[in-house]
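Sequence order for the protein chains is X and Z. Residue 117 in UniProt numbering is what sits at position 117 of the first sequence, and the numbering runs on without skipping anything. Residue 224 in UniProt numbering is what sits at position 224 of the second sequence, and the numbering runs on without skipping anything.
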Amino acid sequence: MAYSFPEEVLEHVFSFLSSDRDRNAVSLVCKSWYEIERWCRRRIFIGNCYAVSPDIVIRRFPEVRALEMKGKPHFADFNLVPEGWGGYVHPWIRAMSAAYPLLEEIKLKRMVVTDESLELIARSFKNFKVLVLSSCEGFTTDGLASIAANCRNLRELDLRESEVEDLSGHWLSHFPDNCTSLVSLNMSCLGSEVSFSALERLVARCPNLRTLRLNRAVPLEKLPNLLHRAPQLVELGTGAYSAEIRSDIFSNLTEAFSVCKQLKGLSGFWDAIPAFLPAMYSVCSGITSLNLSYATIQSPDLVKLVSQCRNLQRLWVLDYIEDTGLEALAASCKDLQELRVFPSDPFGAEPNVALTEQGLVSVSEGCPKLQSVLYFCRQMSNAALVTIARNRPEMIRFRLCIIEPQAPDYLTLEPLDTGFGAIVENCKELRRLSMSGLLTDKVFEYIGNHAKKLEMLSIAFAGDSDLGLHHVLSGCESLRKLEIRDCPFGDKALLANAAKLETMRSLWMSSCSVSFGACKLLGQKMPRLNVEVIDERGPPDSRPESCPVEKLYVYRTVAGRRADMPGFVWKMDGDKALSADGSGNKPREVVERLGSSYAINFCTWLSYSLQSVPNTDARIITCMGQRNLFC
Amino acid sequence: MVDTMLNYEEGMCKKLGFEETELRLGLPGAGEKSNANYGKRGFEETVDLKLNLSTKDVGLDQSDLKEKNLNKEKNLLPCPNDSVKPPAKAQVVGWPPVRSFRKNVMAVQKASDSEETDKGAGGGAAAFVKVSMDGAPYLRKVDLKMYKSYQELSDALGKMFSSFTIGKCDSQGMMDFMNESKLMDLLNGSDYVPTYEDKDGDWMLVGDVPWEMFVGSCKRLRIMKGTEAKGLAPRAMEKCKSRS
Chain X
1 MAYSFPEEVL
11 EHVFSFLSSD
21 RDRNAVSLVC
31 KSWYEIERWC
41 RRRIFIGNCY
51 AVSPDIVIRR
61 FPEVRALEMK
71 GKPHFADFNL
81 VPEGWGGYVH
91 PWIRAMSAAY
101 PLLEEIKLKR
111 MVVTDESLEL
121 IARSFKNFKV
131 LVLSSCEGFT
141 TDGLASIAAN
151 CRNLRELDLR
161 ESEVEDLSGH
171 WLSHFPDNCT
181 SLVSLNMSCL
191 GSEVSFSALE
201 RLVARCPNLR
211 TLRLNRAVPL
221 EKLPNLLHRA
231 PQLVELGTGA
241 YSAEIRSDIF
251 SNLTEAFSVC
261 KQLKGLSGFW
271 DAIPAFLPAM
281 YSVCSGITSL
291 NLSYATIQSP
301 DLVKLVSQCR
311 NLQRLWVLDY
321 IEDTGLEALA
331 ASCKDLQELR
341 VFPSDPFGAE
351 PNVALTEQGL
361 VSVSEGCPKL
371 QSVLYFCRQM
381 SNAALVTIAR
391 NRPEMIRFRL
401 CIIEPQAPDY
411 LTLEPLDTGF
421 GAIVENCKEL
431 RRLSMSGLLT
441 DKVFEYIGNH
451 AKKLEMLSIA
461 FAGDSDLGLH
471 HVLSGCESLR
481 KLEIRDCPFG
491 DKALLANAAK
501 LETMRSLWMS
511 SCSVSFGACK
521 LLGQKMPRLN
531 VEVIDERGPP
541 DSRPESCPVE
551 KLYVYRTVAG
561 RRADMPGFVW
571 KMDGDKALSA
581 DGSGNKPREV
591 VERLGSSYAI
601 NFCTWLSYSL
611 QSVPNTDARI
621 ITCMGQRNLF
631 C
Chain Z
1 MVDTMLNYEE
11 GMCKKLGFEE
21 TELRLGLPGA
31 GEKSNANYGK
41 RGFEETVDLK
51 LNLSTKDVGL
61 DQSDLKEKNL
71 NKEKNLLPCP
81 NDSVKPPAKA
91 QVVGWPPVRS
101 FRKNVMAVQK
111 ASDSEETDKG
121 AGGGAAAFVK
131 VSMDGAPYLR
141 KVDLKMYKSY
151 QELSDALGKM
161 FSSFTIGKCD
171 SQGMMDFMNE
181 SKLMDLLNGS
191 DYVPTYEDKD
201 GDWMLVGDVP
211 WEMFVGSCKR
221 LRIMKGTEAK
231 GLAPRAMEKC
241 KSRS
């Protein structure tokens, strides 16, 4: 029998492991390591809230302090997921309120959060510190008031881009006078005006405040009051960036900015007036992150601002910047890593700005560290894409949206297969890709052959046949998330690659050609997948089996069928389409199967060397004896 | 640069035989007249608005994916020959992929720039309103700024729900219900009636006020069963009377 360390020593060693993958690997070594590790895991990430149930998580990891979880599929951002689909956090809060009294952090994305949940959080967790609600919905400012009033040690309250029912700004006044712990406050998504004096006092008494993102209702003339009370700020989101053009307002603002020597990030800038931009010039040289994506200012003023920010690493901006502005950016900002250009008029029939593929080409040429791109434009060419690919082979995220669906190469009128093919061929580290424009099956062949590190792929209005989907599913080894809309992909590729779906977090297909019959078959073949059909036309079995479903969402899970499906969602189970009140399947007790045959002795482990297990999503469950589903 | 793109689009239009394939809104032979009245129906041009869920998706008809020509389905007006800016193309749901959050903010900023709607329409979430229908199991959301008339909104809602009717609109898009018997006919004859909650928290019949005013004051929509909506009529008439 191998000699082994005492538990306390192992636990101490494990405490240095922060990555979920490493912890999962450790837990596979042997039964005792599994036990030790599970008792000391403090942070959990669940990429799909339906991949696992609260009970399973709590049973395995009894001492969790931080939970991060995601709910709805990404396409919910674009209104493709009907309201009421799911993603409710309350069952989790309820379960954790009993099991994790020491919980400190909750970070949620695309989930439905209610005031009830917020109140329960405020009541249940005495040491609660961090609440981040990203693109969430379902709660009101009353819920925020509960959090503010009851969480004595609150450090972070971040509501980024959530949809909050804004009853009043009064919630902010609920922070007690002895609350001095705030480090980060992001209320930028709220509409109502908060009491400015309450805000001022809050800011003044929190010496560790690093991030302050105001909402639009905070007037520009009052911003200096806040800056003077928080000169240590690292990230600032302004309110509306406009005021009466008066020299005293301008000089107060200039002076206030000059006091903030630690500022690295700026955002906000709603209704920005160019006249007030120079007030922030004094901080520009330190700025690494700039979000001007709500600022409707024109190219010349943007250029003046951006060329002062020599250390800029991240820029989010509207297409008012135009090709000329992007050229200037490329010349000034050599540290740029991430660029996002949003459309100012996405639904206009005509282009309203002089922004073309050339802007992106300039940046790819001038910015050697560019690795992350989100770009909306109205024309693209294969030549440009090939140039970009050759310029920046270290690209990690490339998301291109050509506004007109199926727009061809505007120079040659050919599909953009070659261009995107060059991207995946040259950029070997590419992890995320979103495509648009006219694309045939050929581009998918390129992707399947080359995009070996691709984890997330978004496709719209592309491809000719099932072959396209087959290339992707059979070729992309690292694929975790695949989302497809309006493509002629049907049953064959899906069924032929059914096993692949268990290695991924999820697959979304809407307005494609997948038949109801195929969905049932998939559900039958793959019991560890939830195959959910979303169809607002009524029950799928009221139509012929060959009829394509409206939307399909397939995800792996150990929790079985979910109990909260709304009336327009059906789970495929054998030859039945189950609705929410069908017979429930018991959660699969996969995690319980710890065969002793998998005990590896200590010496073997030494030569084993911790290898990260293949890319997965829920990262919490390991299935001893089977291919890791959730590591 | 912009010129090139305009030429490209016109070139594309010609290349695809665009003129032949375009769809027009309005009565056949209406020609220029239908352009001028876009969004505002003449009193005579009543349209049977009993909409069933059509199989045609706004974006893509699933049964002929191979031969789709999106220009055909999307452009409802001919290519402009004059300098008048054409209206936005019919929306494909969720495309381009701009988040509602961003759309709302931009819509509000545009509105305040061009002073089309009153300031009350601003403040974040005003453009997207929830739509519920009695008896339907789920709600939807629509962005009112995407539409230019009650007709367009009715079409969009018709695609989401079935058997929906908005009734007749006169030349200013206002319901002609100062005439009580007409109103009663409407309520009795239709299965569902659209109502909305305005800024004051009152529930009103849709079609009450000019379109722009509606967009600025509507907080949520509810498609009620006609029989339930009867209670609204007297109030609606009161409000209307006090306005005129």
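Glycine is no exception: its CB is placed at the ideal position from the N, C-alpha and C atoms.
Taking its Cβ as the centre, do 16 or more other Cβ atoms sit within 10 Å of residue i, making it buried, or is it exposed?
i             : result
A422/X        : buried
R140/Z        : buried
residue 650/X : Absent from the model: residue 650/X. The displayed extent of chain X is 1 to 631, so no value can be given.
E8/X          : exposed
T412/X        : exposed
D491/X        : buried
F5/X          : exposed
N178/X        : exposed
S32/X         : exposed
G216/Z        : buried
K129/X        : buried
Q262/X        : exposed
L226/X        : buried
F16/X         : exposed
residue 635/X : Here chain X has residues from 1 to 631 only, and residue 635/X is not among them.
I46/X         : buried
I245/X        : exposed
P97/Z         : buried
Taking C-beta to C-beta, are residue i and residue j nearer than 8 Å?
i             : j      : result
G516/X        : P540/X : The question names Gly, yet the displayed sequence has Phe at residue 516/X. Yes, these two residues count as a Cβ contact at 8 Å.
P62/X         : W92/X  : no
E365/X        : N391/X : yes
T296/X        : S344/X : yes
D319/X        : Q358/X : no
G191/X        : R213/X : no
Y375/X        : L360/X : yes
Q406/X        : L438/X : yes
D158/X        : N186/X : yes
R498/X        : L522/X : At residue 498/X the sequence reads Ala, which differs from the Arg that was named. Cβ distance < 8 Å, so A498/X and L522/X count as in contact.
L457/X        : L494/X : no
S242/X        : F196/X : no
S285/X        : E327/X : no
V203/X        : L172/X : no
residue 638/X : F250/X : Since the first residue shown for chain X is 1 and the last is 631, residue 638/X is missing from the structure and cannot be characterised.
L473/X        : M435/X : no
G71/X         : K109/X : yes
A51/X         : V558/X : yes
According to DSSP, simplified to helix, strand and coil, what is residue i?
i      : result
C519/X : helix
N75/Z  : Per-residue confidence for N75/Z stands at a pLDDT of 36, beneath the threshold of 50, marking its modelled position as unreliable; the derived number appears in the next sentence. The answer is coil: DSSP assigns N75/Z none of H, G, I, E or B.
V234/X : coil
F420/X : helix
M160/Z : helix
L10/X  : helix
C218/Z : strand
D575/X : coil
M456/X : strand
M69/X  : strand
Q172/Z : Any answer about Q172/Z is weak, because its pLDDT of 40 lies below 50 and its placement is not dependable; what the coordinates show is given next. Here Q172/Z sits in coil by DSSP.
E365/X : helix
N179/Z : Residue confidence for N179/Z is low, a pLDDT of 44 falling below 50, so the modelled location carries little weight; the figure read from the coordinates is stated next. Here N179/Z sits in coil by DSSP.
M509/X : strand
S149/Z : coil
Please determine whether the Cβ atom of residue i lies at a distance below 7 Å from any heavy atom of the ligand SAM.
i      : result
A156/Z : In the structure shown, the ligand SAM is absent, as is every other ligand, since no ligand is present at all.
**Message:** As an exercise, report each continuous alpha helix (DSSP H) stretch of at least 4 residues that is fully enclosed by the segment 134-204 of chain X, in chain order.
**Reply:** 141-150 and 196-204
**Request:** Could I get the ranges of all uninterrupted beta strand (DSSP E) runs contained in the segment 301-347 of chain X, with 3 residues as the minimum, in chain order?
**Result:** 314-318 and 338-342
**Request:** May I ask you to list, following chain order, the residues of the segment 125-153 of chain Z that have a beta carbon less than 8 Å from some beta carbon of chain X?
**Result:** A125, K130, P137, Y138, L139, R140, K141 and M146
**Item:** In chain order, each beta strand (DSSP E) run of at least 3 residues that lies wholly inside the segment 390-444 of chain X
**Value:** 397-402 and 432-434
**Prompt:** Name the residues in the segment 380-408 of chain X whose C-beta lies less than 7 Å from a C-beta of chain Z; which are they?
**Reply:** C401, I403, P405 and Q406
**Sequence ranges, beta strand (DSSP E) only - wholly within the segment 83-113 of chain X, length at least 3** = 105-109
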